[in-house]
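Colleague: Input: one structure, supplied below.
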Amino acid sequence: MKLIAASTPSEGSTSQFAIELANDVDPRERSLVGVQRIDLNFPKFTDGRAFSQAFLLSRRLGFKGEIRATGDVLADQLAQMERSGFTTAVLRADQDLAVAQRVLANYPGYGVGRYQGDAVQVSPHFAI
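Quick note on the numbering used here: the sequence shown kicks off at 8 and runs consecutively.
Written out as structure tokens, the structure is:
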């Protein structure tokens, strides 16, 4: 998963190849033809609707582009974001990029497979 510090200049999400989906939008109702990046917002860290949207996009709709988490993104959410289908996360301004990378790398199974299947690796680790 690619991590981006909040202070990094944005590439912009209004290009013809990138869209933002509000939390109350069903991704199945949007045309994704030509879309290369979808920004999903976390208005509060306790609002997990973007997890469901990411899973729908990556698993059920087979979206292969970038799925970016924006908004109130904390380091301790990153492992679940990755498992849900996010490919990129823009960290909240008070989150340190180096700390977030260490936190993500310290989750069990990071980079070697997971015990249970998820949006990224469908087969569980024991079935490989």
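Even glycine gets a Cβ: it sits at the ideal position worked out from N, Cα and C.
Can you give the Cα-Cα distance for Arg66 and Asp101, rounded to whole angstroms?
Modeller: As a position in the sequence shown, residue 66 is number 59, starting the count at 1. As a position in the sequence shown, residue 101 is number 94, starting the count at 1. Near 31 Å, if we compare the C-alpha coordinates of Asp101 and Arg66.
Colleague: Please state if the CB of Arg99 and the CB of Leu68 are separated by a distance shorter than 8 Å.
Modeller: Counting from one through the sequence shown, the residue named residue 68 turns up at place 61. Counting from one through the sequence shown, the residue named residue 99 turns up at place 92. Their beta carbons are not under 8 Å apart, which means Leu68 does not touch Arg99 by this criterion.
Colleague: Using only the heavy atoms of the ligand ADP, determine whether one of them is closer than 7 Å to the beta carbon of Ala100.
Modeller: In the structure on display, the ligand ADP does not appear, and there are no ligands present to speak of.
Colleague: Could you check how far apart the C-beta atoms of Ala82 and Met88 are, in whole angstroms? I think they sit under 8 Å.
Modeller: Here residue 82 is taken as the residue at index 75 of the sequence shown, counted from 1. Here residue 88 is taken as the residue at index 81 of the sequence shown, counted from 1. Ala82 to Met88, Cβ: 10 Å. No contact.
Colleague: Under the assumption that Ala60 contacts Leu39 (Cβ atoms under 8 Å), give the Cβ distance between them as a whole number of angstroms.
Modeller: Taking the first residue of the sequence shown as position 1, residue 60 is located at position 53. Taking the first residue of the sequence shown as position 1, residue 39 is located at position 32. Note on residue identity: the sequence assigns Gln, not Ala, to residue 60. Not really, about 12 Å apart at Cβ, beyond 8 Å.
Colleague: Using beta-carbon positions only, say whether Phe49 and Ala76 come within less than 8 Å of one another.
Modeller: Taking the sequence shown and counting its residues from 1, one reaches residue 49 at position 42. Taking the sequence shown and counting its residues from 1, one reaches residue 76 at position 69. With respect to Ala76, Phe49 sits close: the two C-beta atoms are nearer than 8 Å.
Colleague: Assign Ala29 to one of three DSSP states: helix, strand, or coil.
Modeller: Position 22 of the sequence shown, counted from the first residue, corresponds to residue 29. Assigned with DSSP and collapsed to three states, Ala29 falls in coil, not helix or strand.
Colleague: Am I right that Phe62 and Gly92 are in contact with their C-beta atoms under 8 Å? What's the rounded C-beta distance?
Modeller: Within the sequence shown, numbered from 1, the residue matching residue 62 stands at position 55. Within the sequence shown, numbered from 1, the residue matching residue 92 stands at position 85. Correct: roughly 5 Å between the Cβ atoms.
Colleague: Between Gly78 and Arg44, which are expected to be in contact by the criterion C-beta below 8 Å, what is the C-beta distance as a whole number of angstroms?
Modeller: Translated into the one-based positions of the sequence shown, residue 78 becomes position 71. Translated into the one-based positions of the sequence shown, residue 44 becomes position 37. With 8 Å as the limit, Gly78 and Arg44 do not qualify as a contact, their Cβ atoms being about 15 Å apart.
Colleague: May I have a chain-ordered list of the alpha helix (DSSP H) segments no shorter than 4 residues that lie completely inside the segment 56-105?
Modeller: 56-62, 85-91
Colleague: Grouping DSSP H, G and I as helix and E and B as strand, with all else coil, what is Arg170?
Modeller: Shown here, the chain extends from 8 to 135; a query on residue 170 therefore has no answer.
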